[in-house]
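Data first, discussion second: the structure below is written as structure tokens.
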Amino acid sequence: MSKVLVIGAGWLGDPLANHFAALGQQVLATHRSRPPSTAHSIPLNLLEDLPAEALQSVASFNPDVIVGCFPPGYRHLSADDKDLNPYMECWKKVLVLAKQCHNPIVVMVSSSAVYPDCLDVATEQDANVHTATGVNGFSDKSMKLLATEQLIIESSYRYLILRSTGLIGPNRHPSRFVAKLSTVSQAAPVNMVHLNDVIGAITHCINWLTTHPHRRGETINITTPNTCSKAEFYQAAVDAADIDLPLPTVSNKPAKRVSAGKLLSIGYHFEFEHVLDALNAIKA
Numbered sequence: 213m214s215k216v217l218v219i220g221a222g223w224l225g226d227p228l229a230n231h232f233a234a235l236g237q238q239v240l241a242t243h244r245s246r247p248p249s250t251a252h253s254i255p256l257n258l259l260e261d262l263p264a265e266a267l268q269s270v271a272s273f274n275p276d277v278i279v280g281c282f283p284p285g286y287r288h289l290s291a292d293d294k295d296l297n298p299y300m301e302c303w304k305k306v307l308v309l310a311k312q313c314h315n316p317i318v319v320m321v322s323s324s325a326v327y328p329d330c331l332d333v334a335t336e337q338d339a340n341v342h343t344a345t346g347v348n349g350f351s352d353k354s355m356k357l358l359a360t361e362q363l364i365i366e367s368s369y370r371y372l373i374l375r376s377t378g379l380i381g382p383n384r385h386p387s388r389f390v391a392k393l394s395t396v397s398q399a400a401p402v403n404m405v406h407l408n409d410v411i412g413a414i415t416h417c418i419n420w421l422t423t424h425p426h427r428r429g430e431t432i433n434i435t436t437p438n439t440c441s442k443a444e445f446y447q448a449a450v451d452a453a454d455i456d457l458p459l460p461t462v463s464n465k466p467a468k469r470v471s472a473g474k475l476l477s478i479g480y481h482f483e484f485e486h487v488l489d490a491l492n493a494i495k496a
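If you want the numbering used here, it's the position in the sequence shown, counting the first as 1, plus 212.
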């Protein structure tokens, strides 16, 4: 890759764009409100009609890779809008932008929320729109995410679907999540990944796909390979932040562990191999 378009230069997209620039890539980023620290950026709100200026800018830039790293936005839907899928509508516009370019690789930073909690270990083949339809355990949110992933898979572009687990890092210390939890399990693994490893994994996956031209696309989980229970993790987070906040009710409810096996198998080396190491690297 030599030219990268990062759509959604927020908490993840802004440092990702800067990372690509530091590697010597030409980078164009989009922002919805606050301009990112990236040198070259254009305003773009995927919830609105695509402006002609954005189409022209993307066509002129002609990226080799388009990375979309914006949140699904389902939490903002009202009860009356529960059947809507704004995430898919946004990604349809990303594909319109891709049509302005010469066959870019399309990278979707998705979510491990596609997996139901009833799984023991969640691997990439455990969730797709075809096998999940009508199956107990897959939520409406899971199905919307999977349908949006399928939109990218069925497009004409080479692609990466990168399913990230919970993001932690600068200005996102996990201790701040504790007050919002109703229960925390000592029998369920915590699925988290540090910002540095998300950026590293995205870069590695793009380079891997670029050097494997016979592969049209892949779905890959991005999560820290070694973990602990949610109860242990959040207690460690509270202790690290030195705040007087008791954990909520501790339960023994099991939940899925998201596997990093496929990412490891294609050669990615984590900066933080254990979630507690990732936690300890964050300033509270």
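Ideal Cβ positions, reconstructed from N, Cα and C, are used throughout, including at glycine.
**Study point:** Which of helix, strand or coil DSSP assigns to Y371
**Key:** In the sequence shown, the residue the question calls residue 371 occupies position 159. Strand.
Practice item. Output the distance between the C-alpha atoms of A271 and A413, rounded to the nearest integer angstrom. Key: For the purposes of this step, residue 271 is taken as residue 59 along the sequence shown, with counting starting at 1. For the purposes of this step, residue 413 is taken as residue 201 along the sequence shown, with counting starting at 1. Their backbone Cα atoms lie some 27 Å apart in a straight line.
Review point. Are L262 and R244 touching if we call contact CB-CB under 8 Å?
Key: In the sequence shown, counting from the first residue as 1, residue 262 sits at position 50. In the sequence shown, counting from the first residue as 1, residue 244 sits at position 32. Not closer than 8 Å, so no.
Review point. What are the start and end residues of the beta strand (DSSP E) that includes I215?
Key: Mapped onto the sequence shown, residue 215 falls at position 3. A quick correction: the sequence has Lys, not Ile, at residue 215. 215 to 219 is the span of the beta strand (DSSP E), which, as asked, contains K215.
Check your understanding: Thinking just about the alpha-carbon of each residue, which of G381, T439, I418, I432 is nearest to the one in W223?
Key -> Against the sequence shown, residue 223 aligns to sequence position 11. Out of G381, T439, I418, I432, G381 has the C-alpha closest to the C-alpha of W223.
Check your understanding: Which whole-angstrom value is the C-beta distance of H406 and A453, which I expect to be below 8 Å?
Key -> As a working mapping, residue 406 is identified with position 194 in the sequence shown. As a working mapping, residue 453 is identified with position 241 in the sequence shown. About 16 Å separates the two Cβ atoms, so there is no contact after all.
Exercise for review: Answer with buried or exposed for C417, where buried requires no fewer than 16 other C-beta atoms within 10 angstroms of its C-beta.
Suggested key: Along the sequence shown, read from residue 1 onward, the residue named residue 417 stands at position 205. C417 is buried by the Cβ-count criterion.
Review point. In whole angstroms, what is the alpha-carbon distance linking V390 and V450?
Key: On the sequence shown, position 178 is the one that residue 390 refers to. On the sequence shown, position 238 is the one that residue 450 refers to. Those two C-alpha atoms are separated by around 8 Å.
**Study point:** At least 3 beta-carbon pairs within less than 8 Å: the stretch 353 to 360 vs the stretch 393 to 404
**Key:** no
Exercise for review: Express the C-alpha separation of I434 and R375 in angstroms, rounding to a whole number.
Suggested key: By one-based count along the sequence shown, residue 375 stands at place 163. By one-based count along the sequence shown, residue 434 stands at place 222. Approximately 6 Å between the Cα atoms of the pair.
Exercise for review: Look at the alpha carbon of L307 and the alpha carbon of N274, and state the distance between them as a whole number of angstroms.
Suggested key: Counting from 1 along the sequence shown, the entry for residue 307 is found at position 95. Counting from 1 along the sequence shown, the entry for residue 274 is found at position 62. Rounded to the nearest angstrom, the two C-alpha atoms are 13 Å apart.
Check your understanding: Looking only at C-alpha atoms, which of I432, T423, T335 sits nearest to I365?
Key -> As a position in the sequence shown, residue 365 is number 153, starting the count at 1. The option with the nearest alpha carbon to I365 is I432.
**Study point:** Residue range of the beta strand (DSSP E) that includes Q362
**Key:** By one-based count along the sequence shown, residue 362 stands at place 150. Note, Q362: premise wrong, no beta strand (DSSP E); alpha helix (DSSP H) at 352 to 365.
Review point. Using a Cβ-Cβ cut-off of 7 Å (strictly less than) and excluding sequence neighbours within five positions of A443, which residues of its own chain qualify?
Key: By 1-based counting over the sequence shown, the position of residue 443 is 231. Answer for A443: V396, S397, Q398, L459, V462, listed in chain order.
Check your understanding: Less than 8 Å separating the beta-carbons of Q238 and L267?
Key -> Taking the sequence shown and counting its residues from 1, one reaches residue 238 at position 26. Taking the sequence shown and counting its residues from 1, one reaches residue 267 at position 55. In this structure, L267 does not lie closer than 8 Å to Q238 by Cβ.
Point to revise | For V218, the nearest candidate out of G236, E260, E265, F282 (CA to CA) | key: As a working mapping, residue 218 is identified with position 6 in the sequence shown. Of the listed residues, the one whose Cα sits closest to V218 is F282.
Point to revise | Option nearest S351 by Cα separation, candidates G220, E430, C330 | key: Position 139 of the sequence shown holds residue 351. Closest by alpha carbon: C330.
Practice item. Determine, using beta carbons only, whether A241 and S253 come nearer to each other than 8 Å. Key: To locate residue 241, count along the sequence shown from 1; it is residue 29. To locate residue 253, count along the sequence shown from 1; it is residue 41. Yes, Cβ-Cβ distance for A241 and S253 is below 8 Å.
Review point. Which of helix, strand or coil does DSSP assign to G236?
Key: On the sequence shown, residue 236 is found 24 positions in, with the first residue counted as 1. It is coil, neither helix nor strand.
Review point. Based on Cα-Cα distance, which residue from Y371, M404, D409, V279 lies nearest to H426?
Key: The residue labelled residue 426 in the question sits at position 214 within the sequence shown. Looking at the Cα atoms, Y371 is the closest of the given residues.
Review point. Unbroken alpha helix (DSSP H) runs of length 4 or more, entirely within the stretch 409 to 486: which are they?
Key: 442 to 453, 473 to 477
Check your understanding: Whose CA, out of K392, G220, G378, V319, lies closest to the CA of S367?
Key -> Counting from one through the sequence shown, the residue named residue 367 turns up at place 155. If we check each option's Cα against that of S367, V319 comes out closest.
Exercise for review: Sort I278, S322, Q337, L491 by Cα distance to N383 and report the nearest one.
Suggested key: Stepping through the sequence shown from its first residue, residue 383 is reached at position 171. Nearest C-alpha to N383: L491.
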